[in-house]
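A.B. asks: Provided herewith is a single structure, encoded as structure tokens, for subsequent inquiry.
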Amino acid sequence: MEGLIKPHGGVLVTRALEGKEREELARKAGGLKKLTLNDREISDIEMIAIGAFSPIEGFMCRDDYHSVMDTMHLKNGLPWTMPITLSATKEEAASLKPGMEVALVAGDGDILATLNIEEIFPHDKEKEAIQVYGTAEDKHPGVKKVYEMGDMLLGGKVSLVKRPVHTQFMEERLDPRDTRALFKEKGWKRVVGFQTRNPIHRAHEYIQKCALEIVDGILIHPLVGETKGDDIPA
């Protein structure tokens, strides 16, 4: 797409399978060992698969995990500020090993994806809390979620078999490839994104108008789904 900035890392990742490839993996996944995901992990899988987390193709392995916490960069030098991880209990991890393929399922048992395990390594929860959130206190909601995770981390590429079901704002729910196509259609080469977790107010409007003086267009990027306690839900 000439003139538009390249995806982070240079290539828009696609880990969502289609057609016969998806059907074959779905059948295979039925016979694999299964790991049940929480809502955050389900969201992460979808973001990985559609390229929203490009260039990441799966849950982080040890080197990327520690590099992100220590330097805010992936081990290849690309900026990245938060670990993308899949945890397991010690008991679950004891039955797994690198080279295994496992099915990743929702709480109702629905198979969403598979993970090719490359590494199994300790989850340094306190370091993650301090490096990412600036505190080890579990009063912080992000820290609390880290402490609730398993003691081991599984790293490896994921392949999406079935996307989570969404029911809200379907016309506005665009994948990265969709937004890039829309930018091209509109002739936009310089685009600013505005991410908001609450309704836009006048200060937001002012910032957006200032930005529009130096760019071709603006992408309003509201958060939909899980919110903080004091947020206004979508």
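Counted the way numbering that gives the first Met the number 0 counts, the sequence shown spans residues 0 to 233. The C-beta atom is built at its ideal place from N, Cα and C for all residues, glycine as well.
(1) Tell me whether C209 is buried or exposed, calling it buried when 16 or more other Cβ atoms sit within 10 Å of its Cβ.
(2) Which residues mark the beginning and the end of the alpha helix (DSSP H) in which T166 is found?
(3) Tell me the DSSP secondary structure of G50 in three-state form.
(4) Buried or exposed: where does I47 fall if 16 or more other Cβ atoms within 10 Å of its Cβ makes it buried?
(5) Can we say the stretch 120 to 139 touches the stretch 155 to 166, given the rule of at least three CB pairs closer than 8 Å?
(6) A51 to E90, Cα distance in whole Å?
(7) Closer than 8 Å by C-beta to L31: which residues in its own chain qualify, once you throw out the five before and the five after it? Chain order, please.
(8) Would E127 and G154 be called neighbours here (beta carbons separated by less than 8 Å)?
(9) Bridge partners of T35, per DSSP?
(10) Got a sec? Which residues, its chain only, sit under 7 Å from V214 by beta carbon, not counting five neighbours each side?
(11) Assign Y64 to one of two classes, buried (16 or more other C-beta atoms within 10 Å of its C-beta) or exposed (fewer than that).
C.D. replies: Reading it off the structure:
(1) exposed
(2) T166 -> no alpha helix (DSSP H), and no H or E assigned at all.
(3) coil
(4) buried
(5) no
(6) 32 Å
(7) E100, V101, A102 and T113
(8) no
(9) V104
(10) R189, V190 and V191
(11) buried
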